[in-house]
Amino acid sequence: MAKCRRCGREAGYRVSYAKLWLCGEHFKEYVEERVVETVVRHGMTGGGGRVVVAVSGGVDSMSLLAITAKRRVEMGVEKIVGVHVNLGIEGYSDLAEAAVREYCGSLGVECTVLRLRDILGVGLPELASRAGRPPCSVCGLVKRYLITAYAVATGASAVFTGHHLDDAARYMLKDLYVGDFKSLAGLKPAVREPGLPVKAKPLITLGKKDIEAYAELAGVPHLEAPCPFKHSTGVEEAAEGFLKALEREHPGARLILLSSMLKLIEGYIEPVEKETYRRCSVCGMPSRSSVCSFCRLTERTLGEPMGGRVLRSLSQPVFS
């Protein structure tokens, strides 16, 4: 029977890429320490200490919220705000909101809910239908914009999201396959753009199985039901299958891929991205064109670009 590397007791958890056996208590400690190390190494708090944690209600973001609340002093975090976007999906969104509110309350963390229907007058299903786009595509765009806009409006120094190692490796392969090299720059552990909070991924060195095991050991509640619109593309499924097979044969392969890709991003892709940096002429948020994706989407579906109005409304304390 394997023994815990730290205390010698019976080990029930193996961190394959680190060739490490740990008992339950020290596995939790290992996960938390790894997150703290990632935050500190990459300067993820942005130096200001007020951090927005994007919380969907799923196991990844709820675990991130728990670890940030528990280890905030070591991370250099002075203030945490859990931010949840209620997308207006019948039978799902209200359950997710309730789960997030309850857990934030139990942790003593301030919770802010941004309701898409209150902000834009429509929920995600109708917005996606009007746009003629898949709900997941519209969802990602809207959530990124609203959470970043809230962080800007409230003076946050960073936004933490629950993206983990499996996510990063899968997205990297997909972007390489389709030739979307610009999107690769956004997969860095911490993305910095002038005048914006740091966009950070504190879980990026942890696999999904590690996070799920941590949540079970630490008693982190989360919404079990998946979003009814969730789906994977054929490319994403193929990438995930390839990565799982590679990891089985070569433990640590995802971390090696991440490290190699970050060198590519920093050496070749990021310098080009900096040269093409611009801001939306409507709302002032970062954009690859003269008008950002959110303002273009809302103009096409709602009759006017809503970015500027959203930014102004989020600066008022009416959503908390």
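Numbers in my numbering are just positions in the sequence shown, counted from 1, shifted up by 5.
The C-beta atom is built at its ideal place from N, Cα and C for all residues, glycine as well.
Bridge partners of P291 according to DSSP: R284. Put simply, the backbone Cα of M311 is about 6 Å away from that of T303. Secondary structure note for R39: its alpha helix (DSSP H) is the uninterrupted segment G29 to R46. Secondary structure at R55: strand, using DSSP grouped into helix, strand and coil. Between A163 and T50 a beta carbon distance of about 5 Å is seen, short of the 8 Å cut, so the two are scored as contacting. In the three-state DSSP reduction, K204 falls in the strand class (E or B). Membership of E242 in the alpha helix (DSSP H) is indicated by the continuous run G239 to E254.
Note on geometry: alpha-carbon atoms of A23 and G246 lie some 22 Å from one another. Here H168 is not near V64, since their CB atoms are 8 Å or more apart. Remark: C-beta atoms of I124 and V296 do not approach each other more closely than 8 Å. A residue is called buried when at least 16 other Cβ atoms come within 10 angstroms of its Cβ; K235 does not meet this threshold and is exposed. Per the Cβ contact rule, the segment 134–150 is not in contact with the segment 184–201 (fewer than 3 Cβ pairs under 8 Å). A direct Cα-Cα distance of roughly 37 Å separates L251 from G52. Note on geometry: alpha-carbon atoms of L260 and V127 lie some 40 Å from one another. Closest in alpha carbon position to T159, among G200, K268 and G13, is G200. Taking the Cα of L70 as reference, the smallest distance to any Cα among E198, E15, R122 and Y219 is reached at Y219. By the Cβ neighbour-count rule, G96 is exposed, with fewer than 16 other Cβ atoms within 10 Å of its own.
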